[in-house]
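2 protein chains.
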Amino acid sequence: MNSFTEENYLKAIYKLIEKSGSSVSTNAIAEKICTKAASVTDMLKKLSDKKLINYQKYQGVTLTSKGEKVALSVIRKHRLWEMFLLEKLDFKWDEVHDVAEQLEHINSDKLIEQIDKFLNYPKFDPHGDPIPDANGKIQVQKSKSIAHFIKNDVIVMTGVVDHSPAFLQYLDNTGLALGDEIKIKEVVFFDRSLQIIINKKSTIFISNDVAKNILAIKK
Amino acid sequence: MNSFTEENYLKAIYKLIEKSGSSVSTNAIAEKICTKAASVTDMLKKLSDKKLINYQKYQGVTLTSKGEKVALSVIRKHRLWEMFLLEKLDFKWDEVHDVAEQLEHINSDKLIEQIDKFLNYPKFDPHGDPIPDANGKIQVQKSKSIAHFIKNDVIVMTGVVDHSPAFLQYLDNTGLALGDEIKIKEVVFFDRSLQIIINKKSTIFISNDVAKNILAIKK
DNA sequence: AAATAAATTTAGGGTAGTCTAAAAACTATT
DNA sequence: AATAGTTTTTAGACTACCCTAAATTTATTT
Ligand SMILES: [Mn+2]
Ligand SMILES: [Mn+2]
Ligand SMILES: [Mn+2]
Ligand SMILES: [Mn+2]
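So the sequence lines, in the order shown, correspond to chains A and B. So that you can map any letter, position 214 of the first sequence is 214 in the working numbering, and since no number is skipped, the others follow by simple counting. So that you can map any letter, position 35 of the second sequence is 254 in the working numbering, and since no number is skipped, the others follow by simple counting.
Structure (structure tokens):
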């Protein structure tokens, strides 16, 4: 089995590769995990010995298929637990992440399959991120940040880029939630801020900074 | 906060004190935790520094009220998680313990209070053990092993002494479960084995060894 | 092609927790 | 009271993970 720490490294590497589309650097991992480069190098050697990553000194890191499997399993557990907390225990979407960071390391196949069943096999987590299935398969969604849409587009909110409680609470206050219909009423030219209509009811203004962190698809 | 390991030591000490009614020895802890006496001594020093136990070299150990609070919180979490697994995720009573050993260390007040609420504030776990409330209060049950009852007593099964999957599965096979009514039909003189009637239906024989591990109260 | 800057690794060390073997302290027996 | 046996503690070492500081390698400028 892999330790807690090893799982966190693999998950971090997976997410960095996912975002950048290429191999990841020691420093990038250090920053993501909030640790020092020297510690990362130590761990990379260990993960490489265990054949979980492809690593050659100074050359950056990718996951082996074995390592990717572990990473996807941790991500699956994280997102299923987030969903469980939200749906069954009345957590808010800004409260689920920290607890899921702990729960994702619980090791029991039966447990996670039963949670999945209990939730009726959800495909997406409370933040709109896809939940890998038991085989690690992910259902991709071709959503874009709403900063990329144009006037009069009618779209559906499908996710967030920034997962911080502060941002999620801000969205709560504006009344924006996953699944909402958004109509782009106006794009302000000089700062790209938006005037949007939520669910054909309330009209609000959001900055381009906020818009970039909201994901949606054409309706 | 306390580490996993510290929590496990405190829980072990609590249970040993509960069973023996007195202070516990280094060796007893080592056996309970499946570790060596030298390791226990190290940890006792640390727990003593943190004012979680009362410890003087060679004199045995008791819990401070601070240490007892931690132990009871871990036990509360363990038993609530066992109940959750049984009630909501279709685990059997012989499957819940190992997973609860991991889940008991998850640190989130909101999580455990919501689990408690979700289960409708159960007072006992799947093995009949009492679940401490949020303040550490335990509801005591004055049950005795059924080896202590006599011919024609009508009793209700309330718990088990042996928690091993092997014993629990044996009980499943005999058809015995918590809450069952048991009538002592016969006590065999030479080996103290019992003939009992379960729920006024099936009659079975159990050895004294088994009887000693089943707890019940007079109906 | 050097020289400089940035990224990465190595060296050496720290804490938490574990172990074995040996010393010290209690306990029981004569 | 001395001896033998048991329990507990100490000494010293190991693994996992982390750190700082120094050395090394790679990347960028000149
Ligand atoms: Mn999360
Ligand atoms: Mn999420
Ligand atoms: Mn248990
Ligand atoms: Mn139990």
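Don't be surprised by glycine CBs; every beta carbon is placed ideally from N, CA and C. Owing to the predicted nature of the structure, the values given are computational and were not obtained by experimental measurement.
Under the three-pair Cβ rule at 8 Å, the stretch 316-334 of chain B does not count as touching the stretch 244-261 of chain B. When DSSP states are grouped into helix, strand and coil, B:T254 belongs to the coil group. Taken in chain order, the unbroken stretches of alpha helix (DSSP H) that lie wholly in the stretch 287-362 of chain B and span 4 residues or more are 315-322 and 328-337.
Under a criterion of Cβ atoms nearer than 8 Å, no residue of chain A is adjacent to B:V380; the nearest Cβ is some 26 Å distant. In the assembly as shown, A:E113 is an exposed residue. Its beta-carbon has fewer than 16 other beta-carbons within 10 Å.
A straight-line Cα-Cα distance of about 16 Å links A:F189 and A:K212. Any Cβ of chain B closer than 7 Å to the Cβ of A:S108 would place that residue at the interface, and such an atom is present. When rounded, the separation of the alpha-carbon atoms in B:K276 and B:T245 is 10 Å. Ranked by how close their Cα comes to the Cα of A:D49, the residues A:D209, A:E181, A:D180 and A:N2 have A:N2 in first place.
When secondary structure is reduced to three states using DSSP, A:K51 falls in the coil class, being assigned neither helix nor strand. Segment contact: the stretch 387-404 of chain B against the stretch 295-309 of chain B, fewer than three CB-CB distances shorter than 8 Å; contact not assigned. Per the DSSP secondary-structure output, A:V188 pairs with nothing in a beta bridge. Contact annotation: in the stretch 308-327 of chain B, residues whose CB is within less than 9 Å of a CB in chain A are L308, D309, F310, E314, D317, V318, Q321, L322, H324, I325, N326 and S327. Proximity to A:V74 across A:K19, A:K218 and A:E6 peaks at A:E6, based on C-alpha coordinates. Interface annotation, A:Q169: not in contact with chain B, CB-CB separation never under 7 Å. Proximity of the stretch 177-194 of chain A to the stretch 148-161 of chain A meets the contact definition, three or more beta-carbon pairs being nearer than 8 Å. Contacts between A:I115 and chain B, judged by CB atoms closer than 8 Å, involve L308 in chain order. Taking a C-beta cut-off of 9 Å against chain A, the contacting residues of the stretch 335-366 of chain B are K336 and F337, listed in chain order. A:L178 has a beta carbon lying at 7 Å or more from every beta carbon in chain B.
In terms of beta-carbon proximity, B:L330 lines the interface with chain A, with at least one pair separated by less than 7 Å. Relative to ligand 1, even the nearest heavy atom lies 6 Å or more away from the CB of A:H105. By the 16-neighbour rule on beta-carbons within 10 angstroms, B:G394 is exposed. In this structure, A:L85 places its C-beta atom within 7 Å of the C-beta atom of A:V96. Between the alpha carbons of A:F149 and A:S143 lies a distance of about 11 Å. Here the distance from the Cβ of A:E82 to the nearest heavy atom of ligand 2 is below 6 Å. For B:H367, the distance from the CB to the nearest heavy atom of ligand 1 is not below 6 Å. The stretch 195-208 of chain A makes no contact with the stretch 116-135 of chain A: fewer than 3 CB pairs, one atom from each, lie closer than 8 Å. Distances from the CB of A:H78 to the heavy atoms of ligand 4 are all 6 Å or more.
C-alpha of A:S207 to C-alpha of A:R192: approximately 7 Å in a straight line. Residues of the same chain with a CB within less than 8 Å of the CB of A:I53, apart from the 5 flanking positions on each side, are L10, I13, L44, L47, V61, T62, L63, T64 and G67 in chain order. In terms of CA proximity to B:K329, B:A353 leads the group B:H346, B:A353, B:D344 and B:G347.
When DSSP states are grouped into helix, strand and coil, A:Q56 belongs to the coil group. Boundaries for B:V379: no alpha helix (DSSP H) harbours it, while the beta strand (DSSP E) harbouring it runs V373 to V379, taken from the DSSP string.
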